[in-house]
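Following: one structure in structure tokens, then a few remarks.
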Amino acid sequence: MISRTVKVYRKAVIRLTGEDSEDGGDGDGGVGREGRRIGGAPWRFGVWVCGDAKGHMLRLNMTDAEGGLYRLNMTGDEGVYWKGWKYVHAGVPGTVVFPVRVRSLSLVQAEAARKTAGTIYLDHFRAEYMDLNEDVEGPLIEPLSPAPEEACLERRPAICAAVADEGSGVHPSTIRMWLDGMVVDHRYDPLSGRVRFVPDTDLAEGEHRLVVEAADNNGTAAVPPVSWTFRIGRDA
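For the sequence shown, my numbering assigns the number 16 to the initial residue and increments by one for each residue that follows.
What follows is the structure in structure tokens.
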């Protein structure tokens with residue numbers, strides 16, 4: 016007996032115009048009205064998405080063997096909130112009667128004020144037949160100090176973040192830190208997982224923004240990069 020754990024289907028580009036509606040906005044990237052028959056009984060569908068950070072929802076529309084229509088949200092309530100590649104997935108409901116047909120993958124937006132044009136790229140759309148326990152998540156980045164929105168009296172504060180990856184581990188050369196839009200020369204301790212930078216000149220009073228990005232040893236990045244602000248001077 017042959018056991019299929021994954022079946023990969025195709026690459027695609029999906030575009031959303033400002034006029035696309037929540038009910039009818041299938042964009043340009045659907046797989047066709049006839050759909051594609053998916054063999055067996057997959058437990059979920061997954062796809063790599065290169066996002067545009069427009070916040071539109073990626074929805075999979077499928078029908079089951081009895082003609083029931085299912086609309087699966089692949090991206091959660093936040094929609095495509097990131098830029099770069101991220102793996103997303105949606106489980107197949109227990110009420111589905113197999114086999115199923117995937118009718119379309121659509122970018123949709125329910126809020127009229129947010130119906131802007133957008134484009135995303137897809138790779139490795141997959142039907143998954145079991146939990147493969149794959150490492151498809153990038154590192155977890157946590158701000159440490161100064162804490163988000165903290166008012167700091169020290170003009171040269173130690174700026175720290177924790178970077179960890181439980182899968183393949185953090186790739187040190189992928190770690191980058193920006194302070195107010197400028198890349199800084201950070202130090203990374205792989206034992207503690209801490210990224211640290213201390214300015215060599217006094218920071219100006221007011222708000223400052225930090226951004227930290229990293230990827231794991233498989234090349235999967237933390238998406239989106241972690242960003243937060245702090246203030247130099249007394250809290251207003």
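Heads up, the beta-carbon is just placed ideally off N, CA and C, and yes, glycines get one too. Given the structure is predicted, the values throughout are model-derived calculations rather than measurements.
Item                                                                                                                    : Value
Arg9 burial status per 10 Å Cβ neighbour count (16 or more: buried)                                                     : This structure does not reach residue 9, given that the chain is present from 16 up to 251, and the question cannot be answered.
The segment 204-215 in contact with the segment 131-141 per 3-pair CB rule at 8 Å                                       : no
Residue burial classification, Asn148 (beta-carbon count within 10 angstroms, cutoff 16)                                : exposed
Thr216 (DSSP reduced to helix, strand or coil)                                                                          : coil
Three CB pairs or more closer than 8 Å across the segment 178-189 and the segment 226-234                               : yes
Selected residue, minimal CA-CA separation from His223, among Ala236, Thr235 and Trp243                                 : Trp243
Buried or exposed by the 16-neighbour rule on C-beta atoms within 10 Å, applied to Thr110                               : exposed
9 Å Cβ cutoff met for Arg116 and Arg202                                                                                 : no
Cα-Cα separation between Asp204 and Glu169, rounded to whole angstroms                                                  : 23 Å
For Pro158, the three-state DSSP class (helix, strand or coil)                                                          : strand
Closest Cα partner of Ala15 within the set Ala237, Asn76 and Leu225                                                     : Outside the displayed span of the chain (16 to 251) sits residue 15, for which this structure offers no information.
Inter-residue CB distance, Gly106 and Arg59 (contact presumed, cutoff 8 Å)                                              : 5 Å
Nearest to Ile53 (by Cα), restricted to the options Tyr144, Met89 and Ala68                                             : Tyr144
Cβ-based neighbour list, Cys167, same chain, cut-off 7 Å, excluding 5 preceding and 5 following                         : Pro161, Phe245, Arg246 and Ile247
Exposure label - His71; buried when at least 16 CB within 10 Å                                                          : buried
Contact check, Val62 vs Leu137, beta carbons under 9 Å                                                                  : yes
Residues of its chain near Val238, where Cβ-Cβ distance is below 8 Å and the 5 sequence neighbours each way are ignored : Gly66, Trp97, Lys98, Gly99, Trp100, Lys101 and Gly153
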